[in-house]
Amino acid sequence: MDAPASAEVDAKPSDSEPAPEAGQDAEVEADGGAVLANGAANPTEGKAEAAEPEEPKVVLPEEPYRVLLLGDSMIATGFGALLEDKLDAHPHVVCYRKAKSATGLARPDFYDWFDQAPRQIEFRKPDLVVVIMGGNDGQDIPPWKGSKRVHWETEAWDGAYRARMDDFLGRLREPVEGEDGARVLWLGLPAMGMRSLEKKLVLIRGIQKEAVDAIGEGGIYLDTAPFLAGEDGKPLKQAEVEGKVRELRAEDGIHFTMSGAEYFADKVYPEVLGVLELPDVDVIEAMKKAEEEAEAEAAEAEPTPSE
Numbered sequence: 001m002d003a004p005a006s007a008e009v010d011a012k013p014s015d016s017e018p019a020p021e022a023g024q025d026a027e028v029e030a031d032g033g034a035v036l037a038n039g040a041a042n043p044t045e046g047k048a049e050a051a052e053p054e055e056p057k058v059v060l061p062e063e064p065y066r067v068l069l070l071g072d073s074m075i076a077t078g079f080g081a082l083l084e085d086k087l088d089a090h091p092h093v094v095c096y097r098k099a100k101s102a103t104g105l106a107r108p109d110f111y112d113w114f115d116q117a118p119r120q121i122e123f124r125k126p127d128l129v130v131v132i133m134g135g136n137d138g139q140d141i142p143p144w145k146g147s148k149r150v151h152w153e154t155e156a157w158d159g160a161y162r163a164r165m166d167d168f169l170g171r172l173r174e175p176v177e178g179e180d181g182a183r184v185l186w187l188g189l190p191a192m193g194m195r196s197l198e199k200k201l202v203l204i205r206g207i208q209k210e211a212v213d214a215i216g217e218g219g220i221y222l223d224t225a226p227f228l229a230g231e232d233g234k235p236l237k238q239a240e241v242e243g244k245v246r247e248l249r250a251e252d253g254i255h256f257t258m259s260g261a262e263y264f265a266d267k268v269y270p271e272v273l274g275v276l277e278l279p280d281v282d283v284i285e286a287m288k289k290a291e292e293e294a295e296a297e298a299a300e301a302e303p304t305p306s307e
């Protein structure tokens, strides 16, 4: 999955939209559409049962959380666009997206994420950065800024890639204008249907996880393998999407169909909300409705002033 010649692609969802091949190139930068919205004891033989504990009160942020999506074709196309839409629809989230297909950390000579990501951090000032990339990284690391070529499948490669992960994560978490650095949610790449690629990704996922785990509370590594694996552990080819069984992958076994992108986005979305400690939109609407009903009941219960 080396990075060669470029061609613009449309990153908007379509009826069936696999992500571009590694030999294609797409760059996406999208502004977020911020939406602001702001029991009794029963006696039994002289004893009483303890009352049900109250559910913890949900504290919603005064300002929406800012989420930045970064990545390769996974973010540039259907999955990234759908996840962005879902997050933007939440009243307490504003989401931005920066992506370029056929890229990763191994080839900054082709596309320099070490330069581009900090620019986005400074510009967007995110609270959370969601990253998925690495599918194009299983190759030699070429000379760059005075460094020597590091060959794939060598111990030197493992160390060089880990160093790049540490460097990249540090840049993502750099504080901006005195604010705390952003947290990072790194999405592990899902299982792939191409054996040769999957073999490479076993190593890449492991190094990525070690690097993210090493930064402590500021980093979360999400293993997405269970989302797209069948009971036998093999990549899931079909699943129910919007009430119908649909194909999840394109013919190459790597890129998503539009249904696959939707399926994956539906799995990742609640995980992002969990990191932000935000309830889903339905829960927030139910909370507001309950508050309105309680206020109405309280108003009706108030005594009418006598003349």
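The opening residue of the sequence shown carries number 1 in full-length UniProt numbering; numbering runs sequentially from there.
In this text, a Cβ means the ideal position worked out from N, Cα and C, and glycines have one as well.
These numbers come from a predicted model, not from an experiment.
{"Query": "Thr103 vs Asp137 beta-carbon contact at 7 Å", "Result": "no"}
{"Query": "Inter-residue CB distance, Ala191 and Pro235 (contact presumed, cutoff 8 Å)", "Result": "4 Å"}
{"Query": "Host alpha helix (DSSP H) of Gly170 (start-end)", "Result": "Glu155 to Leu172"}
{"Query": "Bridge partner(s) assigned by DSSP for Val281", "Result": "Answer is none; Val281 lacks a bridge partner."}
{"Query": "Cβ-based burial, Lys47 [other Cβ within 10 Å; buried from 16]", "Result": "Because the pLDDT at Lys47 is just 47, under 50, the model does not fix this residue reliably, and the value given afterwards should be weighed accordingly. Its Cβ having fewer than 16 others within 10 Å, Lys47 is exposed."}
{"Query": "Residues near Ala229 by beta carbon distance below 7 Å, same chain, minus five either side", "Result": "Ala191, Pro235 and Leu236"}
{"Query": "Buried versus exposed call for Glu291 [16 or more other C-beta atoms within 10 Å across all chains shown]", "Result": "exposed"}
{"Query": "8 Å contact criterion, which Gly135 and Leu70 should meet: CB distance rounded", "Result": "About 14 Å separates the two Cβ atoms, so there is no contact after all."}
{"Query": "With 16 other Cβ atoms within 10 Å as the buried cut-off, status of Phe256", "Result": "buried"}
{"Query": "Rounded separation between residue 308 and Leu278 - CA only", "Result": "The first residue shown for the chain is 1 and the last is 307, placing residue 308 beyond what the model contains."}
{"Query": "Straight-line gap, Glu302 to Val58 (C-alpha atoms, nearest Å)", "Result": "28 Å"}
{"Query": "Unbroken beta strand (DSSP E) run spanning Ala239, endpoints", "Result": "Gln238 to Val241"}
{"Query": "Buried or exposed by the 16-neighbour rule on C-beta atoms within 10 Å, applied to Lys199", "Result": "exposed"}
{"Query": "Cβ neighbour criterion (16 or more within 10 Å) applied to Leu36", "Result": "The predicted model places Leu36 with a pLDDT of 36, which falls under 50 and marks its position as unreliable; any figure quoted below should be read in that light. Classification for Leu36: exposed."}
{"Query": "Local Cβ density within 10 Å of Arg124, reported as buried at 16 or more and exposed below that", "Result": "buried"}
{"Query": "DSSP three-state assignment for Arg149, whether helix, strand or coil", "Result": "coil"}
{"Query": "Inter-residue spacing [alpha-carbon to alpha-carbon] between residue 310 and Val283", "Result": "Here the chain comprises residues numbered 1 to 307, so residue 310 is not present and cannot be evaluated."}
{"Query": "For Trp113, three-class secondary structure by DSSP", "Result": "helix"}
{"Query": "Integer-rounded CB distance, given that Arg66 should sit under 8 Å from Pro126", "Result": "5 Å"}
{"Query": "Cα-Cα separation between Glu174 and Glu295, rounded to whole angstroms", "Result": "44 Å"}
{"Query": "Ile215, enclosing beta strand (DSSP E) - first and last residue", "Result": "It is not in any beta strand (DSSP E) - Ile215 carries neither H nor E in the DSSP assignment."}
{"Query": "Straight-line Cα distance separating Val176 from Arg249", "Result": "39 Å"}
{"Query": "CB of Ala261 within 7 Å of CB of Phe79, strictly", "Result": "yes"}
{"Query": "Cβ separation of Gly218 and Trp186, assumed to be a contact under 8 Å, to the nearest whole Å", "Result": "About 11 Å; that fails the 8 Å criterion."}
{"Query": "Where Arg119 sits in the DSSP three-state scheme", "Result": "helix"}
{"Query": "Residue range of the alpha helix (DSSP H) that includes Leu272", "Result": "Residue identity check: residue 272 is Val in the sequence provided, not Leu. Note, Val272: alpha helix (DSSP H), Met258 to Leu276."}
{"Query": "Cβ distance (whole Å) where Val131 is taken to contact Val184 below 8 Å", "Result": "7 Å"}
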